[in-house]
Amino acid sequence: KGVVVSENLPLDIRRETLQQSKILRVIKTNLVMKCPEMSAEIAEKKDDYTNLYEQLCKCLKLGVHDDSTNRTTIAELSRRHTSKSGD
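Residue 628 in this note's numbering sits at position 87 of the sequence shown, and the numbers go up by one each step.
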């Protein structure tokens, strides 16, 4: 969970308004592109990424199934226990 600050969002916030908002679609697209990049940077530090992965593992696993355009990128961030992992 996080907070996105934008001065361009309309003040009248109804569900219908948000679903049709072009600005919100642009924000969503930018966030979807930026999150894997930031996660990959954190993944370089094993301890930090372990903490992040513990919090987000369900979201990443669902993202592999739900987001077909970013499936490969999300799958690279997933950590699965195997017989060779030793954990």
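Every residue, glycine too, gets a C-beta built ideally from N, C-alpha and C.
| query | result |
| --- | --- |
| Leu-618, buried or exposed, once every other Cβ within 10 Å from all chains shown has been counted against 16 | buried |
| The stretch 572–582 contacting the stretch 599–615, beta-carbon criterion three pairs below 8 Å | yes |
| Contact belief for Val-545 with Ile-568 at Cβ below 8 Å, rounded distance in angstroms | 6 Å |
| Ile-564 to Asp-589 span [Cα, whole Å] | 32 Å |
| Alpha-carbon spacing of Thr-614 relative to Pro-577, whole angstroms | 7 Å |
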